[in-house]
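Heads up: the structure comes next, in structure tokens.
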Amino acid sequence: MRKAIVLFLFLFQMVLVRAQLVQVEYNYNNVGDCIFGAHNQSKTPLYLHMWFTNLEYTSFREELPYVKELDPGFNALFTLARESEEGAPQFIFEIKTFRSDPVPEVDLNFPYLVPFSPGTEIKPVDVNSIAGFWGPEEPKGWKATGFLAKQGMPVFAARQGQIVEITGASRTGNSQTWYNTLTNAITLLQPDGTLITYKNVVDKNNDLKLNQKIQAGEQIGEVAAGANELVLVIYHYSLTSTALQFIIPSFLTEPGKTEIVNSAQTIKVVHLDEVRGLEMTRKEQRQYLKK
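Taken in order, the sequence shown gives residues 6 to 296; the numbers are from the working numbering.
Here it is in structure tokens:
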């Protein structure tokens with residue numbers, strides 16, 4: 006059996022820093038088919054974009070563009086079947102990896118929850134800057150949603166997601182694995198492949214863990230000391246642009262009403278079970294909503 010392991014460079018587009026976080030390997034079986042897999046060596050999911058620049062004695066039958074979410078560890082990919090008596094598949098391929106889905110199907114009308122305690126009256130606020138999101142310069146075309154808040158107010162997940170980064174008052178570790186450079190922030194990977202960062206939030210009791218699944222309406226922390234607003238930034242990477250793509254979400258502002266919020270409003274927070282349960286499994290609905 007012939008085995009080849011190819012190391013590729015991980016392109017983190019925000020800072021154009023390269024790190025070897027994904028290892029793609031392929032093995033030929035005894036009939037000449039080529040079986041592909043990938044190792045994600047980071048602690049959180051990555052998205053792999055893979056394409057072939059040359060193919061011989063086979064064909065690539067996966068949906069294009071080929072984008073695969075990689076959990077930490079080993080991930081099975083696909084098989085190139087031998088289609089010629091002249092030899093086993095021969096190929097040249099390239100990859101890029103991303104921290105979000107680079108081709109997400111975003112529903113702009115999805116009802117996000119206002120991320121505070123139900124019954125609380127909350128006022129949205131215009132966000133004038135997200136300086137510090139990645140270094141001193143703001144990303145081009147940024148968008149964010151803000152709410153006036155006080156230190157210690159409980160903060161709840163606006164949508165289901167998977168914890169991918171938790172930062173306190175300072176940052177440590179390898180900067181090549183950071184999702185942004187904010188402090189006092191929590192970032193989740195959402196079911197549609199986008200990322201959401203909650204700025205000015207702390208996990209005071211260290212209840213959260215990387216890769217933990219969080220349900221909509223579940224508490225993720227509290228407003229950090231010295232903060233007077235909570236800022237939500239929703240974004241994703243793209244196959245066609247080096248710039249981040251930002252999303253303005255719609256929020257559930259009252260039963261039956263979903264809208265983009267503005268600073269002229271005062272919202273009485275509602276967390277309806279039918280909205281909280283939209284992305285839950287039946288088992289999760291029974292566990293969290295008692296249904």
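Glycine included, every Cβ here is placed at the ideal spot set by N, Cα and C.
Name the residue from R287, K145, P123 whose alpha carbon lies nearest to the alpha carbon of L249. As a working note, residue 249 is residue 244 in the sequence shown. It is K145 whose Cα lies nearest to the Cα of L249.
Please list the terminal residues of the continuous alpha helix (DSSP H) segment that includes V280. Your numbering for residue 280 matches position 275 in the sequence shown. Element bounds for V280: 278-281.
Among N45, P77, I135, Q95, whose alpha-carbon lies nearest the alpha-carbon of D38? Position 33 of the sequence shown, counted from the first residue, corresponds to residue 38. Looking at the Cα atoms, Q95 is the closest of the given residues.
Bridge-paired residues (DSSP) for V169: The residue you call residue 169 lines up with position 164 of the sequence shown. Its beta-bridge partners do not exist; DSSP assigns none.
Among the candidates H241, H276, L283, whose CA atom is the shortest distance from the CA of P109? Here the question's residue 109 lines up with position 104 in the sequence shown. It is H241 whose Cα lies nearest to the Cα of P109.
Straight-line Cα distance separating A163 from F251: As a first step, residue 251 is located in the sequence shown; it is residue number 246 there, counting from the start. As a first step, residue 163 is located in the sequence shown; it is residue number 158 there, counting from the start. Approximately 16 angstroms, taken between the alpha carbons.
Euclidean distance between Cα positions of L118 and E259: Taking the sequence shown and counting its residues from 1, one reaches residue 118 at position 113. Taking the sequence shown and counting its residues from 1, one reaches residue 259 at position 254. Rounded to the nearest angstrom, the two C-alpha atoms are 10 angstroms apart.
Where the alpha helix (DSSP H) through Q181 begins and ends: As a first step, residue 181 is located in the sequence shown; it is residue number 176 there, counting from the start. Per DSSP, Q181 belongs to no alpha helix (DSSP H) and is neither H nor E.
Kindly indicate which three-state DSSP category Q217 falls into: helix, strand or coil? Along the sequence shown, read from residue 1 onward, the residue named residue 217 stands at position 212. Q217: coil per DSSP, three-state reduction.
Take R263 and list the residues in its own chain whose beta-carbon comes closer than 6 angstroms to its own, dropping the five residues that flank it on each side. Working through the sequence shown from its first residue, we reach residue 263 at position 258. The displayed chain sequence assigns Thr, not Arg, to residue 263. If we look at T263 and ignore the five residues flanking it on each side, its Cβ neighbours are P116, S255, L257.
Nearest to N114 by alpha carbon, out of V72, V169, L51, D197? Indexing the sequence shown from 1 puts residue 114 at position 109. Taking only the C-alpha atoms, the option nearest N114 is D197.
The alpha helix (DSSP H) with Y293 in it runs from where to where? Position 288 of the sequence shown, counting from 1, holds the residue named residue 293. Looking at the DSSP string, the run of the alpha helix (DSSP H) that includes Y293 is 287-294.
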